[in-house]
Structures are given as structure tokens and as C-alpha cells.
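K.L.:
Sending over a structure as C-alpha cells; questions will come in a sec.
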Amino acid sequence: MYKPVISRLIRVTLVLTLAGIAMGTTGRQANANYISNLYDNIQQFSELPQEVNNLKNSYNQTMEELDRARLNAEQLQQQNADLAEQNRQLTQMVSQLQESEAARSRGVERLKTVALTAIMLAVLYFVLIRALRFGMRRMNRLK
Numbered sequence: 021m022y023k024p025v026i027s028r029l030i031r032v033t034l035v036l037t038l039a040g041i042a043m044g045t046t047g048r049q050a051n052a053n054y055i056s057n058l059y060d061n062i063q064q065f066s067e068l069p070q071e072v073n074n075l076k077n078s079y080n081q082t083m084e085e086l087d088r089a090r091l092n093a094e095q096l097q098q099q100n101a102d103l104a105e106q107n108r109q110l111t112q113m114v115s116q117l118q119e120s121e122a123a124r125s126r127g128v129e130r131l132k133t134v135a136l137t138a139i140m141l142a143v144l145y146f147v148l149i150r151a152l153r154f155g156m157r158r159m160n161r162l163k
């Protein structure tokens, strides 16, 4: 029962001592100002826990935002790695498609060349046959 009273008495003494020290640094003033300064100092001292709580809350909020930013950065790094792998696969697929397109083009050109050569050989065959027949007829007429 006596402990709460003693602890309150110690707190009040401490507050008054701090207020007296704060008043002593401001210099000597009129007696009316002394009471208002004492009241102001006690009021400022009583507001300190609230300011500490505000700072703690601000610190905790900042730490939460920092954790979210780190998590976001990790997600972006993972997404970047996934996109790089996807880009590599797409590049490989494009190169394979280009190679197959080039092979198909070469095949088409070869086929065109073979077809043209066959047509030219057939035409040359018929021309040579006609020339030989014409030559043979002419030889037979001259004899």
C-alpha cells in the first residue's frame, strides 16, 4: 500500500527536479512565469511517452514497408530469371525455325533445278531426234 505512494512521490520529485533544472537554464524570470514554465515543462515531459510510441510505430511501419520491398524485389528477380529462360527458349525456337525454313528453301530450289533440267533434257532429246531424222532423210535422198 505504501509502495505506490512512494513511487508516485519519487516520480513527482523527479519531474519537479527536471523542471527545476530546465527552469534554471532559462534564467531568472518573474514569479508568475515560473509556474507557467513549470507547467509547460511537466506537460512536455508527460508527452514524451506518446512521442516514443509514435516513433516506434513509425519504425515498425517502415520495417514492414522494407520487408514488402524486399519481397517485391525477390519476386521481380525470380520473374526476371523466368523471363530470361523463356527468352532463351524462344531464341532457340526461332533459330530452329529459321534453319528449317532455309532447308525447305534449299529443297525447293533443288527441286526447281531438277525439274528444269529434266524439261531441258527432254526438249534437247526431241530436238536431237528431229535433227538426226532430218539428217538421215537428207542422206537417203542424196544417195
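For the working numbering, count along the sequence shown from 1 and bump the result up by 20. The beta-carbon is built from N, C-alpha and C at its ideal position, and this holds for glycine as well. Everything numeric in this text was worked out from a predicted model, so none of it was measured.
1) So is the beta-carbon of residue 96 under 7 angstroms away from any non-hydrogen atom of the ligand GTP?
2) Do the region 31 to 38 and the region 61 to 81 meet, that is, are 3 or more Cβ pairs less than 8 angstroms apart?
3) Alpha carbon to alpha carbon, how far is residue 117 from residue 129? Give it in angstroms, no decimals.
4) Do you know how far the Cα of residue 135 is from the Cα of residue 126?
5) Hey, does residue 57 have any beta-carbon neighbour from chain D nearer than 8 angstroms?
P.N.:
Quick answer:
1) By its list of ligands, the structure shown contains no ligand whatsoever, and the ligand GTP lies outside what it can speak to.
2) yes
3) 18 angstroms
4) 14 angstroms
5) Looking for chain D here will not work: only one protein chain is present.
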